[in-house]
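K.L.:
The sequence shown stops at residue 120 when you use the numbering used here, and every number in between is there.
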Amino acid sequence: MKYIGSCHCGKVKYEVEGSIESAMACNCSMCQRKGSLLWFVSRDKFRLLSNNENAGTYLFNKHAIKHRFCHTCGIHPYAEGVDPNGNAIAAINVRCLENLDLATVPIRNFDGRSK
Ligand SMILES: [Zn+2]
């Protein structure tokens, strides 16, 4: 399944391919504030459709994850990082997918606060 994701104003847009088994609700200081629900995919399943400069990058803690946000509307539609094996991944905020019924996605809670 191919999904289209975007920020609110549309200046940040991407497509991502895969099947969404579940989404992760993390309680770290960042995710709790954003309310994002994350789905992790291999970076090669993710393709940015908008100009890379349209999104800012926010780093905190270990600077392991690039939290990307729209300069115009402030929404955080995705993040980029590496998994424990060093593979590039994208963390998709499934709340920003246009053609997804969120009610069909099982939510897993993740304790990111103690990490
Ligand atoms: Zn925007």
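Glycine included, every Cβ here is placed at the ideal spot set by N, Cα and C.
As the structure is a computational prediction, the values presented were derived from the model and not from experiment.
1) Around the Cβ of Ala69, are there at least 16 other Cβ atoms within 10 angstroms (buried) or fewer (exposed)?
2) Tell me whether Ala108 is buried or exposed, calling it buried when 16 or more other Cβ atoms sit within 10 Å of its Cβ.
3) Could you check whether the Cβ of Lys16 sits closer than 8 Å to any heavy atom belonging to ligand 1?
4) Going straight from the alpha carbon of His72 to that of Arg118, what length do you get?
5) Just checking Ile80 against ligand 1 - is the residue's beta carbon closer than 8 Å to any of the ligand's heavy atoms?
6) Whole angstroms are fine: how far does the CA of Lys16 sit from the CA of Ala60?
P.N.:
Concretely, from the data shown:
1) Residue environment analysis places Ala69 among the exposed positions, since fewer than 16 neighbouring C-beta atoms fall within 10 angstroms of its C-beta.
2) exposed
3) yes
4) C-alpha separation (whole angstroms): 17 Å.
5) Ile80: yes, Cβ under 8 Å from ligand 1.
6) 8 Å
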